[in-house]
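Asker:
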Amino acid sequence: MSACTGDGTSLRTPDDFDEVDVALSRPCRADGFSPRLLTEFAPLSLQPLLEAPDSDFFETSSPTAVEFDSENNMIVARRNGVIESHSGGQVAILADLSADTSTVADQGVLALDWLDDTNLLVLRTAGSGATVLTVVDGDPSRASAPIELLRVEQPDERHNGGGLAVDRAIGEVFVGIGDGGEQGDPDGQAGDATNSLGTILRGTVDINTQRLIPTSGRTDLIWATGVRNPHRIWLDGATAWVTDVGENCREELNRLDTREMSYDLGWNAWEGDIEFVADDTRETTSPLITYGHDRGRCAIIGGVELPATFDLPGAVAVADFCSGEVFAVDSDGIIGVLPIQVTQPVDVSVSADGELIVTSLDGSIQAVRHTS
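Take 1 as the starting number for the sequence shown in this note's numbering and just add one per residue.
1. Rounded C-beta distance between L356 and A317? I'm assuming under 8 angstroms.
2. Classify F41 as helix, strand or coil using the three-state DSSP reduction.
3. Do you know how far the Cα of G191 is from the Cα of D21?
4. Who does S349 pair with in a DSSP beta bridge?
5. Looking only at DSSP bridge pairs, what is E51 linked to?
6. Locate the beta strand (DSSP E) running through W241, then write down its first and last residues.
7. Look up F174 in the DSSP assignment and say whether it is helix, strand or coil.
8. Please classify G363 as buried or exposed, where buried requires at least 16 neighbouring CB atoms within 10 angstroms.
9. Within its chain, find whatever has a CB closer than 7 angstroms to the CB of T199; leave out the 5 residues flanking it on each side and keep chain order.
10. Using DSSP with H/G/I as helix, E/B as strand and the rest coil, what is S85?
11. Does the distance from the C-beta atom of T359 to that of P48 stay below 9 angstroms?
12. Could you give the residue range of the beta strand (DSSP E) that holds M261?
13. Can you have a look at A238 and say buried or exposed, based on whether 16 or more other CB atoms are within 10 angstroms of its CB?
14. Helix, strand or coil: which one does DSSP assign to G296?
15. Count the CB pairs spanning the stretch 143-163 and the stretch 126-133 that are closer than 8 angstroms, and state whether there are at least three.
16. So G138 and W114 are supposed to be a Cβ contact under 8 angstroms. How far apart are they, rounded?
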């Protein structure tokens, strides 16, 4: 199976593309994924923190990621590049990047996280189509220009990624970059360790050069290859939870050890637990859980640590965009599905006071609360 060059030029043969076509046409096998309903947490309710707008609302301005500051003020990233602070019913604009943000297909503001106590990292699609990592000031009382730390050119508007996480204890930033979007990754971008497509990047912010640079002891930014569309990254100590949106048949959740030097998560040799395009030259890491598109499921969203009120230590919450289910998962695999359903979830987070927060494409942001 051929690869491609570091500049994205394909070295593949017609036979390679035929392999991808065959894989894409192959019917999906049943997934056997039938998590139990966690009735012990019923009833749960959804309490709006931000109401869904009227019917004239456009998805281009929907919230796509939410963070909270130390005072539990809600920081909302909108798909069109506007970053807001919500405090006591008042809204302040922290940054307006809409003039240079594309919202075509999978593009827009993809993720948000705190770099430190005062600065936010924003991962978004620039007007050119490139994936860009930017620092913005998290204090609405200050006006400072955004700083670009990283730019990765994208060949397509799909599968641009979106995962972003900061390990503030050691000052490292993890960034998920998709495979570039062509169905089945026929150019083998994700399996090519010489370019940034289909990877999780890892580095530190160099204040002097204002760039994301490799962590000490590493020669480049690439930590993991073999990803398709890494929607979210969440860090828990030395554990990185990575949700990777599927191609045709499988969604997957990966549990990785940040003390390891590198990973290959398998795409496009594997789609979850299904062999996609056979390649016995790669040593790959299998996902913790996978599920298919049965029962109306289509794309894995999240995850984040379940709040202590659920009494499931070490468990994380992930959701599915189409089914609206919210699953609980721990290091042993799937625990079950929470007794709640959300409309088109695009982000799962936790507030500063420990509530599970779900952001939806319809424009709403809701807290999941116990009602008994």
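Even for Gly, the Cβ is constructed at its ideal location relative to N, Cα and C.
Answerer: To lay it out plainly:
1. Confirmed, Cβ separation roughly 6 angstroms.
2. F41: helix per DSSP, three-state reduction.
3. Rounded to whole angstroms, D21 and G191 show a C-alpha spacing of 18 angstroms.
4. Beta-bridge pairing links S349 to I357.
5. Note: E51 sits in no beta bridge, so no partner.
6. Under the DSSP assignment, W241 falls in the beta strand (DSSP E) whose first and last residues are 239-244.
7. Look at F174 here: in three-state DSSP terms it is strand.
8. By the neighbour-count rule (16 or more Cβ atoms within 10 Å), G363 is buried.
9. Correct list, in chain order: I177, I222, A224, T225, V227.
10. Residue state, collapsed to three classes: strand.
11. Taking 9 angstroms as the Cβ cut-off, T359 and P48 do not qualify as a contacting pair.
12. Here M261 belongs to no beta strand (DSSP E), and DSSP marks it neither H nor E.
13. Looking at its Cβ environment, which holds fewer than 16 other Cβ atoms inside 10 Å, A238 is exposed.
14. In this structure, G296 counts as helix in the three-state DSSP scheme.
15. The stretch 143-163, when compared against the stretch 126-133, does touch it at the 8 angstroms Cβ threshold.
16. Correct: roughly 7 angstroms between the Cβ atoms.
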